[in-house]
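For reference, the structure is listed below as structure tokens.
Residue numbers (the numbering used here): 1 to 981.
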């Protein structure tokens with residue numbers, strides 16, 4: 001279980017279940033040590049301390065072995081109660097943050113070993129889980145020192161404390177580690193799934209009822225070192241000797257000032273020496289002799305002063321005790337010592353150079369610093385917490401400190417700025433193999449020396465250390481404001497949330513630092529794109545992913561169409577909307593998106609691509625070829641024989657490049673144009689009145705209504721009518737579907753609203769780099785599938801929206817009259833009753849066999865129109881429920897929706913990919929806003945016949961109608977009195 005010496009410790013982004021072997025330095029107090037003296041139960045903190053000293057301090061632990069805290073049961077219970085959808089914003093953000101970090105443990109096989117304290121009893125567990133294993137849990141063992149061997153079954157009872165612990169572990173894995181994966185759904189559906197393979201494994205048995213914690217600790221220690229447990233691996237006598245040894249070592253008093261604290265010398269070899277299987281390792285006899293050695297040079301008076309340092313001490317005695325109290329740990333690096341100087345703790349020595357007399361400067365102890373940082377060692381997660389602690393120290397002590405040296409946020413050295421030539425120094429940093437930050441006592445001098453820095457009325461105020469501390473305020477503004485943050489926003493956020501009064505320039509610099517750091521991270525992210533798409537293809541084998549770079553390895557295009565779309569496109573409405581949008585990051589780019597609608601009229605993104613150039617024909621050709629190579633059904637023949645086009649239709653905003661690309665890639669598919677975009681273009685030709693009539697022309701199937709709209713357009717603007725008539729009718733007008741039955745149905749889709757909704761859905765994803773955009777879009781797609789699946793789970797029949805429409809038609813057709821025109825010919829005439837005195841009666845011819853109606857709605861929506869329902873109701877005598885069950889297309893049923901949402905995208909963890917070191921960001925060419933001019937306007941024909949009305953005036957002759965370049969007076973030529981107008 002332990003690798004050979006010299007292997008580098010690799011930890012995950014966050015210790016699993018408060019892993020005591022990967023946490024920072026742990027310590028114990030006298031209250032935790034006292035129960036060792038009698039027949040008492042031990043605390044979980046003491047067990048974690050022993051694990052920390054026996055495993056992490058002895059050798060490097062393999063990165064696929066996880067050691068859990070003895071209090072992990074309470075940790076799992078606390079985390080499992082949290083909800084990402086909570087109204088408490090802080091709780092929701094903490095859950096999402098924990099999920100992002102714990103997803104690291106879903107990448108490969110892990111072995112989880114932990115002592116567990118549950119219901120006043122301790123035991124040990126060993127769980128091997130692997131996301132690639134079909135059973136997820138390949139081994140689940142429980143080691144209980146109170147369970148006698150020889151029972152009929154070794155299975156774990158579902159009501160036993162170990163079973164409750166394992167179920168909490170399973171729920172934690174499902175909610176935090178496997179979130180978004182199919183394994184998470186399996187574990188959530190079966191709360192006791194882990195108990196299928198859970199068994200009691202053989203282990204030593206205790207003879208009393210209070211040593212269960214030490215038995216669990218010993219079991220974990222042997223499992224980690226690769227020893228198979230049995231009933232005789234160790235005995236109750238070994239545990240009793242371990243208990244007595246710990247009590248002796250941890251409670252002994254240090255007899256000599258030069259002898260270190262025995263708690264700090266508690267090593268792994270000392271703990272191993274109590275067990276036969278581990279006794280081959282070196283024991284701590286030398287250490288024990290060192291602890292109990294009496295100093296011959298120590299007088300009774302000095303010993304008495306050390307036992308009671310507050311009574312009758314001189315300054316040198318106090319300082320001597322302080323130096324010994326803050327002696328560095330054995331594994332800390334030792335500071336260099338000047339052996340040519342006799343050390344006196346009451347003075348600070350200055351070394352000006354060779355041949356110079358040594359100057360002694362009196363120094364005073366900083367009681368505030370020692371009480372805050374040295375009396376009770378504090379662990380910090382990052383340097384921002386150290387900054388806050390030092391701010392509190394400055395407020396409490398009145399001492400001004402400065403940062404003398406800082407190393408990439410991992411170490412920092414503070415010096416005193418309130419005294420001239422002060423010897424004070426405080427160094428914070430992380431120990432080897434640890435992520436947390438602590439005070440490096442070996443490099444600290446908690447004393448002050450020298451005179452105070454002189455002040456004055458015009459003395460400059462101390463500079464506030466705000467660099468890096470306003471990042472939270474800047475990110476807060478960026479998260480709530482769509483536009484770019486400005487310094488005033490950061491000033492308000494810092495005052496409200498961080499209680500800091502900052503200036504305009506400081507806020508401006510903070511914004512620039514955040515932008516620079518984001519740009520640097522985005523620059524590196526482009527080297528991860530190829531690795532990302534390789535893993536995406538590995539997890540989604542049928543997908544189509546393409547990435548192209550130019551000759552200099554600058555990325556140009558990336559396109560992704562997940563493999564699940566091959567089957568999903570057979571279960572949606574066959575009308576695909578295409579549109580493009582711009583990315584908002586520094587690197588820019590254009591996002592191409594294809595989307596469809598499900599049976600419930602919900603948006604379903606299909607695929608996307610990111611390209612460096614603007615939206616043009618070349619980009620659309622590349623993206624449409626990607627779609628065609630992935631989804632075969634796009635070019636499948638239509639199932640209705642009367643339709644002369646392929647199965648899928650495309651609707652767009654009539655962008656020129658897209659229209660040309662569709663004709664080249666999908667020549668046999670029917671293209672449609674968005675009525676909203678047409679109305680906006682028509683508005684520029686003839687005003688808002690024409691724009692209101694365009695949507696009516698696109699939706700109506702009535703020839704009478706269509707002629708009325710055209711007449712009104714002609715009255716408003718002939719230019720607007722000429723523009724609309726220049727567009728083919730079969731690409732946008734509703735009456736074309738009555739005149740030409742070979743057109744495919746539109747299912748009522750006459751706008752590209754689904755594309756606009758998809759762009760709005762992906763709004764946040766468009767603000768990051770290309771890699772962030774790709775990952776967030778795929779995350780949004782898979783989360784949407786999961787959300788819709790839960791929404792429609794277990795439902796069947798026709799969707800609610802269509803059922804309501806059919807019920808309304810059933811009620812409104814009560815007074816209709818139905819006449820059979822041809823005997824057994826299936827053709828009927830339906831007369832609608834007028835709904836008002838001014839509305840005439842209308843009649844339509846119905847063809848039952850071909851399922852068409854002159855009103856146009858039956859063949860366009862593939863749902864019985866009101867005339868067809870009148871026929872089924874009055875002629876066939878069918879009920880509404882029968883019509884819903886037998887005459888409605890599958891495009892409107894929940895069974896189709898559930899089948900569509902059955903599969904999902906398997907995401908890629910960004911922490912598992914590596915940079916290729918080759919791919920570079922796209923070439924960003926900054927240009928002026930707006931569409932560039934293609935042709936230079938050299939002639940102004942509008943004023944050629946009447947120069948007097950021209951607004952162009954020559955700067956030479958002051959006449960209108962021409963400029964200085966075409967003036968006859970140029971270069972002194974021409975007649976000065978010639979009339980040039």
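We treat Cβ as the ideally placed atom computed from N, Cα and C, and that holds for glycine.
Residue i - partner residues in DSSP beta bridges
i           : result
residue 590 : 582 and 611
residue 49  : None; residue 49 has no bridge partner.
residue 143 : 124
residue 449 : 363
residue 637 : 646
residue 111 : 65 and 128
residue 953 : 960
residue 137 : 129
residue 651 : 577 and 672
residue 596 : 604
residue 117 : 122
N-terminal and C-terminal residue of the beta strand (DSSP E) that residue i is part of
i           : result
residue 544 : 544 to 549
residue 556 : 555 to 561
residue 239 : First-last for residue 239: 236 to 251, but that is the alpha helix (DSSP H), not the beta strand (DSSP E).
residue 427 : 425 to 429
residue 198 : 198 to 200
residue 401 : 401 to 407
residue 909 : Neither: residue 909 is in no beta strand (DSSP E) and is coded neither H nor E.
residue 414 : 411 to 416
residue 701 : Segment: none, residue 701 is in no beta strand (DSSP E) and carries neither H nor E.
Separation of residue j from residue i, as counted between CA atoms
i           : j           : result
residue 950 : residue 613 : 40 Å
residue 657 : residue 620 : 7 Å
residue 546 : residue 560 : 7 Å
residue 963 : residue 670 : 52 Å
residue 146 : residue 213 : 11 Å
residue 677 : residue 733 : 14 Å
residue 144 : residue 564 : 47 Å
residue 30  : residue 20  : 20 Å
residue 341 : residue 417 : Model confidence at residue 341 stands at a pLDDT of 30, short of 50, so the residue's coordinates are unreliable; what they give is reported in the following sentence. Looking at the two C-alpha atoms, the distance is approximately 26 Å.
residue 754 : residue 595 : 7 Å
residue 132 : residue 534 : 17 Å
residue 490 : residue 470 : 8 Å
residue 230 : residue 66  : 22 Å
residue 207 : residue 129 : 33 Å
residue 272 : residue 50  : 11 Å
residue 89  : residue 477 : 16 Å
residue 415 : residue 516 : 29 Å
residue 688 : residue 500 : 52 Å
residue 805 : residue 181 : 38 Å
residue 34  : residue 793 : 57 Å
residue 404 : residue 419 : 15 Å
residue 18  : residue 71  : 8 Å
residue 209 : residue 448 : 54 Å
residue 428 : residue 440 : 5 Å
residue 61  : residue 87  : 40 Å
residue 161 : residue 783 : 35 Å
Residue range of the alpha helix (DSSP H) that includes residue i
i           : result
residue 218 : 212 to 224
residue 784 : 770 to 792
Own chain partners of residue i with C-beta closer than 8 Å, once the 5 adjacent residues on each side are dropped
i           : result
residue 893 : 599, 796, 797, 798 and 799
residue 339 : Note that residue 339 scores a pLDDT of 33, beneath 50, so its modelled location is shaky; the value from the coordinates is reported in the next line. Nothing listed; no residue qualifies.
residue 696 : 705 and 709
residue 955 : 963 and 964
Residues of its chain near residue i, where Cβ-Cβ distance is below 7 Å and the 5 sequence neighbours each way are ignored
i           : result
residue 15  : 22 and 23
residue 623 : 559, 592 and 609
Own chain residues within Cβ distance below 6 Å of residue i, not counting five before or after
i           : result
residue 397 : 368
residue 574 : 647 and 648
Every unbroken alpha helix (DSSP H) within the segment 796 to 856, with a cutoff of 4 residues, ordered by chain: 800 to 812
4-residue-minimum alpha helix (DSSP H) runs that sit fully inside the segment 468 to 542, ordered along the chain: 471 to 480, 487 to 497, 504 to 525 and 529 to 539
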